[in-house]
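In the working numbering, the protein residues as written are 199 to 407.
Pasting the structure below:
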């Protein structure tokens, strides 16, 4: 993984299960009916989900996946505003590794800033080198077409959950509590959308095999 991405992930990885990640995994994997992973979790903790970051699971290393998932395969993955910090080759390595170490029916929920958002202030906030927090480390500003294309190369099917199209129309069928992963930065949950308007949204796509 490129050094810039490593620095960002280390900076934003909170003190979650660092010293005893394998011990935590031992108990989680034996007590959980399904294996649910949060990628780039930072301080995020959701009941029933196993939080990971670069120190616990390097997405690019097949050896890390083998260590964790040789006995219990992955069922669900959540990555909220993580992939924009990764180089394309690292995203592709992640896609390959998850494909190799997942159960049939795996679902990967990806949320990233939306490059088709029509608000110029939003785009300036989230673009690579933009004004928003950590935007100086952003490698991409995805739209639903460009992100889908990366995963399609590895056999994934895309279900668009929340997105802007190129004509400037907004679409969302995201619902809290659907079991596929909670997204904070979306129409329903972001504080900037209290007026009911899509002021701050994410591109959210569910990928499956």
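Virtual Cβ for every residue (Gly too), placed ideally from N, Cα, C.
Does DSSP classify residue i as helix, strand or coil?
i: residue 324; result: helix
i: residue 370; result: strand
i: residue 272; result: strand
i: residue 206; result: Summary for residue 206: the model assigns pLDDT 46, below 50, so the residue's position carries little reliability, and this model does not support an answer.
i: residue 232; result: coil
i: residue 401; result: strand
i: residue 219; result: helix
i: residue 227; result: helix
i: residue 285; result: coil
i: residue 211; result: Confidence is the limiting factor: at residue 211 the pLDDT is only 41, short of 50, which leaves the residue's position unreliable and the question unanswerable from this model.
i: residue 249; result: strand
i: residue 200; result: For residue 200, the pLDDT reaches just 47, beneath the cut-off of 50, and the residue's location in the model is therefore unreliable, although a value from the coordinates is still provided. Residue state, collapsed to three classes: coil.
i: residue 392; result: coil
Check the Cβ-Cβ distances between residue i and every residue of chain C, and say whether any is below 8 Å.
i: residue 364; result: Here there is only one protein chain, and chain C is not present.
Considering just the uninterrupted stretch of the beta strand (DSSP E) at residue i, what are its terminal residues?
i: residue 301; result: 300-310
Go to residue i, then tell me how far its alpha helix (DSSP H) extends in each direction, as first and last residue.
i: residue 266; result: 260-267
Since residue i and residue j are thought to touch, with beta carbons under 8 Å apart, how far apart are those beta carbons, to the nearest angstrom?
i: residue 406; j: residue 341; result: With 8 Å as the limit, residue 406 and residue 341 do not qualify as a contact, their Cβ atoms being about 20 Å apart.
i: residue 403; j: residue 345; result: 6 Å
i: residue 326; j: residue 339; result: 6 Å
i: residue 193; j: residue 276; result: In the structure as shown, the chain starts at 199 and stops at 407, and residue 193 therefore has no counterpart that could be examined.
i: residue 400; j: residue 383; result: 5 Å
i: residue 250; j: residue 274; result: Contact flag wrong, Cβ pair sits at about 13 Å.
i: residue 282; j: residue 316; result: About 19 Å separates the two Cβ atoms, so there is no contact after all.
i: residue 252; j: residue 290; result: Not confirmed; about 17 Å, so no contact.
i: residue 301; j: residue 321; result: Not a contact, Cβ separation roughly 37 Å.
Can you pull the DSSP bridge partners for residue i?
i: residue 155; result: Because the chain in this structure spans residues 199 to 407, residue 155 falls outside the shown range and cannot be described.
What are the complete beta strand (DSSP E) segments, minimum 3 residues, inside the segment 324-367?
Taken in chain order, the unbroken stretches of beta strand (DSSP E) that lie wholly in the segment 324-367 and span 3 residues or more are 355-362.
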